[in-house]
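Student: Those sequence lines, one after another, are chains A and B. Note that the numbering used here gives residue 36 to position 36 of the first sequence, counting from 1, and the numbers run on in steps of one. Add 335 to the 1-based position in the second sequence for the numbering used here, that's all there is to it. Heads up, the beta-carbon is just placed ideally off N, CA and C, and yes, glycines get one too. Since we're looking at a predicted model, the values are computed, not measured.
2 protein chains.
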Amino acid sequence: MNKLKKITIEDVAEHCGCSKATVSRVMNHDKRVRPETVDIVMKAMAEIGYHPNSIARALSAGKTSAVAVVVPDNWQSQPYYIKLIDAIEDVADSKGYHIILKRRKYIDSVIELVNQKRVDGMIIRNMEASDKEKNLFSKMERIGMPFILTGQPVQDYPFVKVDNIGGAREVASLFVELGYKKILFISGPEDHIDSMDRLAGFRVGLAENGFDLKNLFIERGDYTKESGFRVSKKFFENKSVDAVFAANDRMALGVLLFCRERGMTIPDELGLAGCDDNFFAEFLTPSLTTVKPPMYEIGTIAMESLIRMIENRDRPNIKIILPTKLMLRDSCRRK
Amino acid sequence: MNKLKKITIEDVAEHCGCSKATVSRVMNHDKRVRPETVDIVMKAMAEIGYHPNSIARALSAGKTSAVAVVVPDNWQSQPYYIKLIDAIEDVADSKGYHIILKRRKYIDSVIELVNQKRVDGMIIRNMEASDKEKNLFSKMERIGMPFILTGQPVQDYPFVKVDNIGGAREVASLFVELGYKKILFISGPEDHIDSMDRLAGFRVGLAENGFDLKNLFIERGDYTKESGFRVSKKFFENKSVDAVFAANDRMALGVLLFCRERGMTIPDELGLAGCDDNFFAEFLTPSLTTVKPPMYEIGTIAMESLIRMIENRDRPNIKIILPTKLMLRDSCRRK
DNA sequence: TGTTAATGAAAAAACGTTTCCATAAGTAGA
DNA sequence: TCTACTTATGGAAACGTTTTTTCATTAACA
């Protein structure tokens with residue numbers, strides 16, 4: 001096997017009869033090098049096909065130009081994670097950073113990345129926070145490695161998140177406007193913060209539009225399609241409502257499937273709305289009204305902030321909440 | 336701002352009164368170091384909280400333990416890319432590798448990764464091959480950096496791909512079995528290899544099941560939902576068929592939407608099948624029969640092969656074609 | 001003409017590892 | 001007791017950059 005000789009800065013120096021230092025200065029646009037020398041060096045680099053070794057650079061500079069992005073294990077269930085990552089990559093590329101992708105299940109590997117100084121910073125989609133994660137956060141804080149949360153605030157760490165409360169409030173306003181008098185809210189699993197926020201916002205929205213909260217019913221699901229089906233089956237046995245608002249689209253899909261089986265037509269007999277603008281929402285029959293989180297914006301702002309933290313070595317206290325967008329589709333209509 | 340003093344191998348050496356070399360040997364499980372010394376060093380490392388710097392390691396070893404994964408720009412449209420990435424990460428983590436994710440649009444950045452020796456290898460989902468990509472491939476070959484294609488074979492480079500021909504053949508077999516006598520195939524954009532393979536396989540499958548190819552009609556789409564709609568609208572103006580096979584699910588969705596508008600019931604008046612098992616296929620009404628590509632397996636095999644190439648420094652000629660799975664759903668039924 | 005200041009570039013140190021080479025101590029065989 | 005071989009370790013070079021220091025040359029000035 002032919003062993004390729006590596007081309008280093010030394011070869012360039014030799015080829016144009018100057019020192020490594022000069023070549024390095026040319027590469028880094030140091031203005032103290034004479035223009036003609038610059039030309040000579042540039043030409044030499046092109047001629048012998050030199051490219052600086054980024055690892056050596058990183059070691060010398062103490063900066064890797066890489067950031068880790070941590071997503072939930074089931075990122076598959078939410079295509080908006082792709083938007084989040086796209087946004088992060090768009091910013092990253094324009095600033096010369098690379099992103100190392102990790103699922104939460106590989107948190108040990110993420111911790112190693114930090115310990116071994118393999119990344120300059122991190123963006124974490126933290127939907128829950130285990131002890132391991134909390135330790136990680138405090139360690140990063142301690143060693144001064146910047147990071148930003150994009151799920152939920154934890155302690156006093158920087159975050160960029162969705163305004164779940166505001167989004168649900170808009171749905172409430174819509175539901176009242178459409179004339180719904182009795183409403184069912186299907187929550188997520190116990191204590192899930194997103195779901196709690198959505199319920200809180202929904203309540204506020206209903207109340208401020210003159211809806212009597214006595215007519216708001218609440219059932220608990222677990223975010224799965226099946227739970228949406230199950231909950232509605234149980235609920236509709238002895239009660240009825242005008243509309244259902246589910247804490248996510250998967251459960252709303254469950255409700256829709258139940259109605260289809262039961263022969264209840266949507267939106268005529270029942271209004272329906274979900275959250276997340278999941279991939280199928282647009283293609284269901286009827287298409288599903290839902291609350292769309294601004295994932296691209298979150299990714300953009302998170303990455304821009306992170307880079308600022310990395311490069312300025314300061315620690316601006318980023319705490320940003322971004323508004324959702326109500327996607328009004330066919331699953332709810334004036335009563 | 337408090338400047339954290341970095342803890343290096345030198346500190347460990349000092350702390351336990353031995354040399355850096357010995358500490359290094361302990362970390363790398365060199366058996367030539369006395370067991371008691373190992374204990375001392377291990378304890379010292381734990382006590383002062385030492386973690387080796389991965390960048391320094393990479394420089395010294397000439398190995399980054401990172402691989403680049405390149406996906407199409409519109410990976411958003413195909414959730415199976417997530418499965419591909421998950422598989423790659425699963426293998427990567429078990430072998431101590433990290434993955435750097437890049438979209439194809441940032442190919443320049445990918446090229447830099449290679450030039451700057453920032454990764455040990457690459458997995459590329461190449462659905463088409465631009466000149467830039469071809470140059471990249473040949474450069475990687477030249478400098479001896481391993482890579483694997485997971486889209487289409489190019490020249491003689493290693494690849495792992497889907498058996499599009501076989502998948503389409505199964506659909507053909509199904510269609511004949513269901514009693515369809517006249518069939519429309521909607522192709523992808525001109526010369527798209529996946530689409531061509533699917534058509535070829537479909538033809539073979541029909542013929543070998545005794546179907547008269549005179550009754551196979553072919554129209555060209557461009558993979559979008561809209562083109563599926565448009566093509567069917569135009570086709571059904573003056574012809575009719577028993578079933579449609581579209582080269583992807585998005586176009587099949589277009590056909591479905593057209594039928595819904597036109598009042599043609601699926602599967603009673605028209606059988607329908609697509610390719611890809613896209614996210615919505617399962618949730619459409621009726622749910623869509625489709626050909627599911629084995630993306631997880633592709634990712635697994637690609638990454639395992641890549642690691643073998645990286646670590647063994649040999650170049651086994653990987654050329655693997657994996658079978659699809661027919662997802663039989665409600666959109667086609669016996670005539 | 002001699003002193004000082006500014007400039008361009010070389011040499012050397014640093015970044016934090018791994019690895020090669022040397023050495024000292026210990027063991028075994030004669 | 002000598003030689004030869006192993007074993008555990010230390011010292012130093014290497015990996016390929018950047019950055020600091022040093023030095024030599026030229027320009028400027030009195």
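#1: At the level of alpha carbons, what is the spacing between A/Lys168 and B/Pro407?
#2: Sorted by chain position, which residues of the same chain lie with C-beta nearer than 7 Å to B/Val361's C-beta, five sequence neighbours on each side aside?
#3: Residue range of the beta strand (DSSP E) that A/Cys275 falls in?
#4: Please specify which runs of the beta strand (DSSP E), each continuous and at least 3 residues long, are wholly inside the stretch 281-308 of chain A, giving them in chain order.
#5: Hey, does B/Lys627 have any beta-carbon neighbour from chain A nearer than 7 Å?
#6: Is B/Phe472 close to chain A, meaning its C-beta is less than 7 Å from at least one C-beta of that chain?
#7: Which residues in chain B have a C-beta closer than 8 Å to the C-beta of A/Tyr106? List them in chain order.
#8: Classify A/Val67 as helix, strand or coil using the three-state DSSP reduction.
#9: Quick check on DSSP: helix, strand or coil for A/His15?
#10: Give me the chain A residues within the contact set of B/Leu588, using Cβ-Cβ distance strictly less than 9 Å, ordered along the chain.
#11: Along the chain, where does the alpha helix (DSSP H) that runs through A/Ser109 open and close?
#12: Can the beta-carbon of B/Ala393 be found closer than 7 Å to that of B/Lys437?
#13: Just mark B/Leu588 as buried or exposed, buried being the case when its beta carbon has 16 or more other beta carbons within 10 Å.
#14: Which residues does DSSP pair with A/Ala243 in a beta bridge?
#15: What three-state label does DSSP hand A/Arg169 in the structure shown?
#16: So A/Leu174 and A/Arg125 are in contact, right, with Cβ under 8 Å, and what is the actual spacing, rounded?
#17: Can you list, in chain order, the residues of its chain whose CB lies under 6 Å from that of B/Leu448, leaving out five sequence neighbours each side?
#18: Does the beta-carbon distance from B/Thr485 to B/Ala581 come in below 7 Å?
#19: Residues of the stretch 401-413 of chain B in Cβ contact with chain A at a cutoff of 7 Å, in chain order, please.
#20: How many Å lie between B/Pro314 and A/Asp276 at the Cα?
#21: List the residues that DSSP assigns as beta-bridge partners of A/Gly205.
#22: Quick check on DSSP: helix, strand or coil for A/Ile82?
#23: Return the residue from the list A/Met122, A/Tyr50, A/Asp86 and A/Pro293 that minimises the CA-CA distance to A/Lys161.
#24: Determine the extent of the beta strand (DSSP E) in which B/Ile383 is found, giving its start and end residues.
#25: Output the distance between the C-alpha atoms of A/Ile320 and A/Phe159, rounded to the nearest integer angstrom.
#26: Please report the distance separating the alpha-carbon of B/Met336 from that of B/His433.
#27: How is A/Lys3 classed by DSSP in three states: helix, strand or coil?
#28: Just curious, the beta strand (DSSP E) that B/Val497 is in, first and last residue?
#29: Excluding the five sequence neighbours on either side, which residues of its own chain have a C-beta within less than 8 Å of the C-beta of B/Thr559, listed in chain order?
#30: Quick check on B/Asn388 - is its C-beta less than 7 Å from some C-beta in chain A?
#31: Is any non-hydrogen atom of the ligand NAP found closer than 6 Å to the C-beta of A/Val23, if you look at the structure I gave you?
#32: Say whether chain A places a C-beta atom closer than 7 Å to the C-beta of B/Ile633.
#33: Just curious, the alpha helix (DSSP H) that A/Met27 is in, first and last residue?
#34: Between B/Ile553 and B/Phe593, is the Cβ-Cβ spacing less than 7 Å?
#35: So, using beta-carbon positions, are B/Leu548 and B/Cys667 closer together than 7 Å?
#36: Please tell me whether B/Thr625 and B/Leu663 are closer than 7 Å, where the distance is taken between their beta carbons.
Tutor: This is what the structure holds:
#1: Position 168 of the first sequence, counting from 1, holds the residue named residue 168 of chain A. Position 72 of the second sequence, counting from 1, holds the residue named residue 407 of chain B. The sequence given here has Ala at residue 168 of chain A, not Lys. Answer to the nearest angstrom: the Cα atoms are 34 Å apart.
#2: If you number the second sequence from 1, residue 361 of chain B lands on position 26. Excluding positions up to five away in sequence, the list reads Val368, Val373, Val376 and Met377.
#3: Here residue 275 of chain A refers to the residue found at position 275 of the first sequence. From DSSP, the beta strand (DSSP E) with A/Cys275 extends over Gly271 to Cys275.
#4: 289-292
#5: For this step, residue 627 of chain B is matched to residue 292 along the second sequence. No, no contact with chain A.
#6: Translated into the one-based positions of the second sequence, residue 472 of chain B becomes position 137. Cβ-Cβ to chain A under 7 Å: no for B/Phe472.
#7: Along the first sequence, read from residue 1 onward, the residue named residue 106 of chain A stands at position 106. Chain B residues near A/Tyr106: Glu424 and Asp428.
#8: Here residue 67 of chain A refers to the residue found at position 67 when the first sequence is read from its first residue. Strand at A/Val67.
#9: Translated into the one-based positions of the first sequence, residue 15 of chain A becomes position 15. It is helical.
#10: For the purposes of this step, residue 588 of chain B is identified with residue 253 of the second sequence, where counting begins at 1. Per Cβ cutoff of 9 Å: Phe283.
#11: The residue you call residue 109 of chain A lines up with position 109 of the first sequence. First-last of the alpha helix (DSSP H) with A/Ser109: Ile107 to Asn115.
#12: Residue mapping note: residue 393 of chain B aligns to position 58 of the second sequence, counting from 1. Residue mapping note: residue 437 of chain B aligns to position 102 of the second sequence, counting from 1. No, the Cβ-Cβ distance between B/Ala393 and B/Lys437 is not below 7 Å.
#13: Locating residue 588 of chain B in the second sequence gives position 253, counting from the first residue. Answer is buried; the Cβ neighbour count reaches 16.
#14: Numbered from 1 along the first sequence, position 243 holds the residue referred to as residue 243 of chain A. In DSSP, A/Ala243 forms a bridge with A/Ile183 and A/Gly271.
#15: If you number the first sequence from 1, residue 169 of chain A lands on position 169. The answer is helix: DSSP assigns A/Arg169 an H, G or I state.
#16: Reading the first sequence from its first residue, position 174 is the one you call residue 174 of chain A. Reading the first sequence from its first residue, position 125 is the one you call residue 125 of chain A. Incorrect: roughly 28 Å between the Cβ atoms, too far for contact.
#17: As a first step, residue 448 of chain B must be located in the second sequence, where it is residue number 113. Ala403 and Val454, listed in sequence order.
#18: For the purposes of this step, residue 485 of chain B is taken as the residue at position 150 of the second sequence. For the purposes of this step, residue 581 of chain B is taken as the residue at position 246 of the second sequence. Against a cut-off of 7 Å, the Cβ pair of B/Ala581 and B/Thr485 comes out as no contact.
#19: Trp410 and Gln411
#20: With chain B covering only 336 through 670, there is no way to say anything about residue 314 of chain B.
#21: Counting from one through the first sequence, the residue named residue 205 of chain A turns up at place 205. Beta-bridge pairing links A/Gly205 to no other residue.
#22: Taking the first residue of the first sequence as 1, we reach residue 82 of chain A at position 82. Note: A/Ile82 maps to helix in three-state DSSP.
#23: Working through the first sequence from its first residue, we reach residue 161 of chain A at position 161. Looking at the Cα atoms, A/Pro293 is the closest of the given residues.
#24: Along the second sequence, one-based indexing puts residue 383 of chain B at 48. Element bounds for B/Ile383: not the beta strand (DSSP E) but the alpha helix (DSSP H), Pro370 to Ile383.
#25: Translated into the one-based positions of the first sequence, residue 320 of chain A becomes position 320. Translated into the one-based positions of the first sequence, residue 159 of chain A becomes position 159. One C-alpha to the other measures close to 6 Å.
#26: Position 1 of the second sequence, counted from the first residue, corresponds to residue 336 of chain B. Position 98 of the second sequence, counted from the first residue, corresponds to residue 433 of chain B. Low confidence applies here, because B/Met336 scores a pLDDT of 37, under 50, leaving its location unreliable; read the following figure in that light. Cα-Cα distance, rounded: 32 Å.
#27: Taking the first residue of the first sequence as 1, we reach residue 3 of chain A at position 3. Bear in mind that the predicted position of A/Lys3 carries a pLDDT of just 47, short of 50, making it unreliable; the figure below should be weighed with that in mind. DSSP places A/Lys3 in coil when its eight states are reduced to three.
#28: Here residue 497 of chain B corresponds to residue number 162 of the second sequence, with the count starting at 1. Counting along the chain, the beta strand (DSSP E) containing B/Val497 begins and ends at Phe494 to Val497.
#29: The residue you call residue 559 of chain B lines up with position 224 of the second sequence. Closer than 8 Å at the Cβ level, and outside the excluded window around B/Thr559, lie Arg585, Met586 and Gly589.
#30: For this step, residue 388 of chain B is matched to residue 53 along the second sequence. Yes, because at least one Cβ of chain A sits closer than 7 Å to the Cβ of B/Asn388.
#31: Of the ligands one can find in the structure shown there are none, so the ligand NAP has no counterpart to examine.
#32: Taking the first residue of the second sequence as 1, we reach residue 633 of chain B at position 298. With 7 Å as the cut-off, B/Ile633 does not count as an interface residue toward chain A.
#33: Numbered from its first residue, the first sequence carries residue 27 of chain A at position 27. Per DSSP, A/Met27 belongs to the alpha helix (DSSP H) from Lys20 to Met27.
#34: To locate residue 553 of chain B, count along the second sequence from 1; it is residue 218. To locate residue 593 of chain B, count along the second sequence from 1; it is residue 258. No. Outside cutoff.
#35: What you label residue 548 of chain B is simply residue 213 of the second sequence in a count that begins at 1. What you label residue 667 of chain B is simply residue 332 of the second sequence in a count that begins at 1. No, the Cβ-Cβ distance between B/Leu548 and B/Cys667 is not below 7 Å.
#36: Taking the second sequence and counting its residues from 1, the one referred to as residue 625 of chain B is at position 290. Taking the second sequence and counting its residues from 1, the one referred to as residue 663 of chain B is at position 328. Not a contact, by the Cβ cut-off of 7 Å.
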